[in-house]
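> For what it's worth, the numbering used here labels the leading residue of the sequence shown as 630, then goes sequentially. Heads up, the beta-carbon is just placed ideally off N, CA and C, and yes, glycines get one too. Can you keep this structure in mind? I'll have questions shortly.
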Amino acid sequence: MKIVFYGAGNMASAIFIGMIENQVVEPSEIYLTSRSMQEKIKFFKENLGVNVSYDDTELLKDADYVILASKPQSFPSVASRIRPYLEPKTKVVSVMAGTQIKTVRRELKTENPIARIMPNTNAMVRHSVNGISYSSNFTDRDELIELMESFGTTVTVEEDEMHNITAATGSGSAFLYYIYEKYAESLMELGFDEEEAMFLTRNLVIGAGKMVEDSELSFSDLRKNITSKRGTTEAGLDALDGESLKKILITTLTAAASRSEELSQDEDE
Ligand SMILES: NC(=O)C1=CN([C@@H]2O[C@H](COP(=O)(O)OP(=O)(O)OC[C@H]3O[C@@H](n4cnc5c(N)ncnc54)[C@H](O)[C@@H]3O)[C@@H](O)[C@H]2O)C=CC1
Ligand SMILES: O=C(O)[C@@H]1CCC=N1
Numbered sequence: 630m631k632i633v634f635y636g637a638g639n640m641a642s643a644i645f646i647g648m649i650e651n652q653v654v655e656p657s658e659i660y661l662t663s664r665s666m667q668e669k670i671k672f673f674k675e676n677l678g679v680n681v682s683y684d685d686t687e688l689l690k691d692a693d694y695v696i697l698a699s700k701p702q703s704f705p706s707v708a709s710r711i712r713p714y715l716e717p718k719t720k721v722v723s724v725m726a727g728t729q730i731k732t733v734r735r736e737l738k739t740e741n742p743i744a745r746i747m748p749n750t751n752a753m754v755r756h757s758v759n760g761i762s763y764s765s766n767f768t769d770r771d772e773l774i775e776l777m778e779s780f781g782t783t784v785t786v787e788e789d790e791m792h793n794i795t796a797a798t799g800s801g802s803a804f805l806y807y808i809y810e811k812y813a814e815s816l817m818e819l820g821f822d823e824e825e826a827m828f829l830t831r832n833l834v835i836g837a838g839k840m841v842e843d844s845e846l847s848f849s850d851l852r853k854n855i856t857s858k859r860g861t862t863e864a865g866l867d868a869l870d871g872e873s874l875k876k877i878l879i880t881t882l883t884a885a886a887s888r889s890e891e892l893s894q895d896e897d898e
């Protein structure tokens, strides 16, 4: 198989490292190109054994998949590299937030099958949640699903649901990391120094994540197991206004989904 990544940044590298570590592809089946980050992709070549090239003819010759992994704003320049050399057999997979399948089709001037995926950087540890939608002529879906399940779980959605998936899980880990950052800062307000606050928060998050992974209990039952009647947790939770927290999260998720909608405005509409 030949899988060509246009873009080798945070998201692309999480995907190809996930695929390689889970042995669904050989490093020799991965081809990378980018505009910036030459040093970084040299590192990937030397340490992972993937191919690197800046020659679009060579990259796209006989490619099974081309993965569009630049920022949406860079897509016109990526498209101009790909357009002249795209072969009919190559399936196009876009990772770009808020870029519609029809926009990819128009920019590439192609009738090839196109899928749009929304993974997250947890691909690196095999826990990405991947949303996926397809163009109607993308018939051979099982192989792509198998590739994607090597680095996470996959949900197939209608393309217009991608905005919410992008907010919920594409951006979602960043929202959780931000909460952890604020938690650590709050520990410092209690009197812990920075190193202690980071150590405590990091291990708390790792432990809680493992509990979520291993236990069959719901979030609320896990919480209840920690909460003694008239104890310290109850006092803390009474002070934490769940409804206000929920409002903040709804505002956060709505802003992210709206930005995805904004990015998806197609110039032909
Ligand atoms: N970072 C994340 O957590 C997620 C990102 N995405 C999507 O993934 C895409 C990439 O995001 P990141 O990896 O975070 O960005 P990044 O800035 O880390 O990487 C962008 C890559 O695109 C390359 N590039 C730009 N113009 C190019 C050109 N003309 N030819 C070849 N390569 C070119 C850059 O050299 C760089 O390697 C975005 O469209 C984003 O919406 C989707 C889900 C999650
Ligand atoms: O921030 C972004 O636009 C991308 C899409 C989802 C996560 N990162």
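According to the Cβ coordinates, are residue 833 and residue 826 closer than 8 Å?
In this structure, residue 826 does not lie closer than 8 Å to residue 833 by Cβ.
> In this structure, how does DSSP classify residue 726 when only helix, strand and coil are distinguished?
If DSSP states are grouped into helix, strand and coil, residue 726 belongs with coil.
> Along the chain, where does the alpha helix (DSSP H) that runs through residue 710 open and close?
That run of the alpha helix (DSSP H) goes 704-711.
> State the Cα-Cα distance for the pair residue 683 and residue 696, rounded to the nearest angstrom.
For residue 683 and residue 696, the distance between alpha carbons rounds to 15 Å.
> Measure the alpha-carbon distance for residue 762 versus residue 823 and round it to whole angstroms.
Near 43 Å, if we compare the C-alpha coordinates of residue 823 and residue 762.
> Return yes when at least one heavy atom of ligand 2 lies under 7 Å from the C-beta of residue 800, else no.
Yes.
> Please name the residue or residues paired with residue 720 in a DSSP beta bridge.
Bridge partners of residue 720: 694.
> List in chain order the residues whose CB is within less than 6 Å of at least one heavy atom of ligand 1.
Taken from the N-terminal end onward, the list reads 635, 636, 637, 638, 639, 640, 641, 662, 663, 664, 665, 666, 698, 699, 700, 701, 703, 706, 707, 710, 724, 725, 726, 747, 748, 749, 750 and 799.
> Do residue 795 and ligand 2 come close, with the Cβ less than 7 Å from some heavy atom?
Result yes, Cβ under 7 Å from ligand 2.
> How about residue 800 and residue 781: are their beta carbons less than 8 Å apart?
It is not a contact, given that the beta carbons lie outside the stated cut-off.
> Does the Cβ-Cβ distance between residue 743 and residue 721 come in under 8 Å?
Contact flag set, yes.
> Using only alpha-carbon positions, find the residue among 871, 634 and 836 that is nearest to residue 707.
Residue 707 has its Cα closest to that of 634, out of 871, 634 and 836.
> Measure the C-alpha to C-alpha separation of residue 814 and residue 787 and round it to an integer number of angstroms.
C-alpha separation (whole angstroms): 40 Å.
> Please return the same chain residues whose Cβ sits closer than 7 Å to the Cβ of residue 804, not counting the five positions on each side in sequence.
Closer than 7 Å at Cβ, skipping near neighbours: 881.
> Within the segment 851-896, note down every full alpha helix (DSSP H) run reaching 4 residues or more, in order along the chain.
861-868 and 871-892, all fully within the segment 851-896.
> Tell me whether residue 639 is buried or exposed, calling it buried when 16 or more other Cβ atoms sit within 10 Å of its Cβ.
By the 10 Å Cβ count, residue 639 comes out exposed.
> Which term fits residue 854, buried or exposed, when burial requires 16 or more other beta carbons within 10 angstroms of its beta carbon?
Answer is exposed; the Cβ neighbour count stays below 16.
> Please work out which residues of its chain come closer than 6 Å, Cβ to Cβ, to residue 863, disregarding the five sequence neighbours upstream and downstream, and give them in chain order.
Contacts found: 856.
> Restricting to Cα atoms, I'd like to know which of 753, 716 and 709 is closest to residue 735.
If we check each option's Cα against that of residue 735, 709 comes out closest.
> Under the assumption that residue 725 contacts residue 760 (Cβ atoms under 8 Å), give the Cβ distance between them as a whole number of angstroms.
Contact doesn't hold; Cβ gap of about 13 Å is too wide.
> Who are the Cβ neighbours of residue 749 in its own chain at under 6 Å, not counting the five residues just before and after it?
If we look at residue 749 and ignore the five residues flanking it on each side, its Cβ neighbours are 757, 798, 799 and 802.
> So, using beta-carbon positions, are residue 776 and residue 653 closer together than 8 Å?
Taking 8 Å as the Cβ cut-off, residue 776 and residue 653 qualify as a contacting pair.
> Out of 716, 671 and 675, state which residue places its alpha-carbon closest to the alpha-carbon of residue 690.
Checking every option, the nearest Cα to that of residue 690 belongs to 716.
> Using only alpha-carbon positions, find the residue among 670, 702, 847 and 869 that is nearest to residue 894.
Of 670, 702, 847 and 869, the residue nearest in Cα terms is 702.
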